[in-house]
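*Asks:* Numbering (this note's numbering), first residue to last: 44 to 245. All C-beta atoms, glycine included, are put in the ideal place defined by N, C-alpha and C. The structure displayed is predicted, hence computed values, not measured ones. First the structure, then my questions, so here it is.
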């Protein structure tokens, strides 16, 4: 008997691991993909109650004269201020959660959906995910990929970003499945195997 909602699969991984590439592969298989980090950026600019709350928290300078989210200003305000960052996240995360829930409700006719996010809990732990897939790649390879993708960033900046993210061991502890994206093991067959598994699980 078909579930009342689609199976929900989370995909996460460190910067440069290739989680976005994996999501594009699922999209090629006609699986709906929700990009949580991109939607968060969209909501900060297009959701009026959220804009108002952020402006109240950080000041009118949180948005430019053109109404765009002023990321450099916001980053400077929250850098090194854990409490302010926590307060900002407490505004954004519930809106993203509600946006995702509404999006899932519109996908009732598909077998499963994918949610891409840099930060993720284990499946079923304060979320509605059925499985979590972790995309894994060696740190040096990830650094090389980011360097090629973002030439304006130097190695020190890239390593600083990587250091702020979850350690590999902690991220792997969240995983129901691991996809290896180290340029030696073909990625497409791994994704196809998972796709077949999720279709059978529904």
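Our contact map puts residue 74 next to residue 143 with C-beta atoms below 8 Å; I'd like the distance itself, whole angstroms only.
*Replies:* No, residue 74 and residue 143 are not in contact; Cβ-Cβ is about 15 Å, not under 8 Å.
*Asks:* Grab me the residues of residue 78's own chain with a C-beta within less than 6 Å of its C-beta, minus the 5 sequence neighbours each way, in chain order.
*Replies:* Taken in chain order, the residues that qualify are 159.
*Asks:* Return the CA-CA distance between residue 81 and residue 193, expressed in angstroms with no decimal places.
*Replies:* The straight-line gap from Cα to Cα measures roughly 17 Å.
*Asks:* Sort 179, 201, 125 and 233 by Cα distance to residue 215 and report the nearest one.
*Replies:* Out of 179, 201, 125 and 233, 179 has the C-alpha closest to the C-alpha of residue 215.
*Asks:* Could I get the ranges of all uninterrupted alpha helix (DSSP H) runs contained in the stretch 166-209, with 4 residues as the minimum, in chain order?
*Replies:* Those alpha helix (DSSP H) runs which fall completely within the stretch 166-209 and span 4+ residues are 182-192 and 198-207.
*Asks:* One question on the structure: do residue 242 and residue 222 come within less than 9 Å of each other, judged by their Cβ atoms?
*Replies:* Result no, Cβ atoms of residue 242 and residue 222 do not sit closer than 9 Å.
*Asks:* Using the three-state DSSP reduction, which class does residue 44 fall into: helix, strand or coil?
*Replies:* The predicted position of residue 44 is uncertain, since its pLDDT is 37 and thus under 50; a value taken from the coordinates is nonetheless stated next. If DSSP states are grouped into helix, strand and coil, residue 44 belongs with coil.
*Asks:* Hey, is the stretch 162-173 in contact with the stretch 183-198, meaning 3+ C-beta pairs nearer than 8 Å?
*Replies:* Cβ pair count under 8 Å is below three, so no.
*Asks:* Less than 9 Å between the C-beta atoms of residue 220 and residue 177, yes or no?
*Replies:* Against a cut-off of 9 Å, the Cβ pair of residue 177 and residue 220 comes out as a contact.
*Asks:* Taking the Cβ atom as the reference point for each residue, do residue 111 and residue 126 lie within a distance shorter than 9 Å?
*Replies:* No, Cβ-Cβ distance for residue 111 and residue 126 is not below 9 Å.
*Asks:* Name the two residues that bound the continuous alpha helix (DSSP H) containing residue 95.
*Replies:* Unbroken alpha helix (DSSP H) run through residue 95: 91-101.
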